[in-house]
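Numbering (the working numbering), first residue to last: 8 to 290.
Yeah, the Cβ is synthetic: ideal placement off N, Cα and C, and Gly gets one too.
A short write-up of the structure that comes next.
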Amino acid sequence: MNTGLGFSEILLIGTLVLVFFGSKELPAFIREAAKLLAKVRRYSEKLKNEINEISRSVEAPVKELSSTLDSIDTTANRKAALRKHYITVRKNLDALEHKRLSEIIGENLMQTKEFINASSVMVYVSTGGEVSTRKFIEDSIGAGKRIVVPYILPNTLDLGIAEIKDFDKDLVSGELGILEPAHSLRTHFFKSDIKLVVCPGVAFDANGGRLGRGKAYYDNFLREFKGRVPIFGIAFECQIMNDTLPFDYHDVSMDQVITESGLLIKTVSNITDTGNIQQTLAG
8 MNTGLGFSEI
18 LLIGTLVLVF
28 FGSKELPAFI
38 REAAKLLAKV
48 RRYSEKLKNE
58 INEISRSVEA
68 PVKELSSTLD
78 SIDTTANRKA
88 ALRKHYITVR
98 KNLDALEHKR
108 LSEIIGENLM
118 QTKEFINASS
128 VMVYVSTGGE
138 VSTRKFIEDS
148 IGAGKRIVVP
158 YILPNTLDLG
168 IAEIKDFDKD
178 LVSGELGILE
188 PAHSLRTHFF
198 KSDIKLVVCP
208 GVAFDANGGR
218 LGRGKAYYDN
228 FLREFKGRVP
238 IFGIAFECQI
248 MNDTLPFDYH
258 DVSMDQVITE
268 SGLLIKTVSN
278 ITDTGNIQQT
288 LAG
């Protein structure tokens, strides 16, 4: 930064003063010039400090944002690696064992007080290596429960729901090849009528952490229900991570996770009521 008059400029002016005004005026000029130079330097230093302070205040949020982005990237990478691992582990179950364990998990779920007290249950329709829900759905309908299943709302990352009464007749192949409720059924159920939600997952942990497929369909849907309706995950024991799963701010944790061995979480989170869930049709 330019601090004002330099030594060469002052020397030149002093010479001119000496030539035009004589030697008597030179000491006074030098004193005044020195005072002026001191003021300029003090102002320059103050301005420099102010600029540095502004720079630091701008740099701090930038560094914080950079750190946050690094954290998000790390979490995303960890999730991707764990997702790949647990999908592979799940695929190692042979068909007979998969069916047997799925039925045990369904029976364990039906014995919980949350299921017994629920008049209506939202549950996914299984695909691939997920815990099979067909028998659970059919048994629940037979027990007089209202069963609602999700479907993907077109061109969104959101889910709709609809009630089904017959597994074979009311489900059709959806956009991703997953069975979904027929279009004619998609405007006949209120979200606020759901009393229990049963979620799929690639992996879970003992804190209720859930690792999904990475599209956030369930997280987006469940946010409205958390703390108001019991949210359960079902999984095979081989899908349970001993450590804590990576967690993002938008992830919704489970109130309970059920495996072939029983309940994973010893104490279910406190549930209030469904009064704040919108009285809107799920479709």
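CA-to-CA distance, residue j to residue i, given in whole angstroms
i, j, result
"Leu89", "Ala213", "16 Å"
"Leu270", "Asp250", "17 Å"
"Ile159", "Lys86", "23 Å"
"Ile265", "Phe254", "20 Å"
"Tyr256", "Arg230", "11 Å"
"Val205", "Ile168", "13 Å"
"Tyr131", "Arg235", "19 Å"
"Gly151", "Arg97", "32 Å"
"Glu145", "Asp175", "10 Å"
"Asp177", "Phe197", "18 Å"
"Leu108", "Asp262", "21 Å"
"Ile241", "Gly149", "21 Å"
"Phe239", "Thr134", "18 Å"
"Glu137", "Lys106", "10 Å"
Element boundaries [beta strand (DSSP E), containing residue i]
i, result
"Arg153", "153-159"
Cβ neighbour criterion (16 or more within 10 Å) applied to residue i
i, result
"Glu244", "exposed"
"Ile154", "buried"
"Glu104", "exposed"
"Gln246", "buried"
"Leu192", "buried"
"Pro188", "buried"
"Ser180", "exposed"
"Ala210", "buried"
Opposing strand residues paired with residue i [DSSP bridges]
i, result
"Arg217", "Phe211"
"Ile94", "None; Ile94 has no bridge partner."
"Ser180", "Leu186"
"Val264", "Gly240"
"Leu203", "Val128"
"Ala169", "Val156"
"Gly269", "Thr266"
Span of the alpha helix (DSSP H), counted from its first residue to its last, around residue i
i, result
"Met129", "Where Met129 is concerned, there is no enclosing alpha helix (DSSP H), although the beta strand (DSSP E) it sits in stretches over 127-130."
"Glu114", "102-117"
"Phe144", "Looking at the sequence provided, one finds Ile at residue 144 rather than Phe. Residues 141-149."
"Leu229", "224-229"
"Ile2", "With the chain represented from 8 up to 290, any question about residue 2 goes unanswered, as that position is not in the structure."
Nonlocal neighbours in the same chain, by C-beta distance under 6 Å from residue i, ignoring five residues either side
i, result
"Ala125", "Lys202, Leu203"
"Glu121", "Leu203, Pro237"
"Phe228", "Leu166"
"Ser139", "Ser109, Ser133"
Contact set for residue i: own chain, Cβ-Cβ below 7 Å, skip 5 residues either direction
i, result
"Lys222", "Leu164"
"His92", "none"
"His195", "Ala169, Glu170"
"Ser127", "Lys152, Arg153, Val155, Asp200, Ile201, Lys202"
Proximal residues to residue i (C-beta, below 8 Å), its chain only, five neighbours per side dropped
i, result
"Asp258", "Gly216, Arg217, Asp226"
"Lys273", "none"
"Thr82", "Pro253, Phe254, Asp255"
"Gly184", "Thr134"
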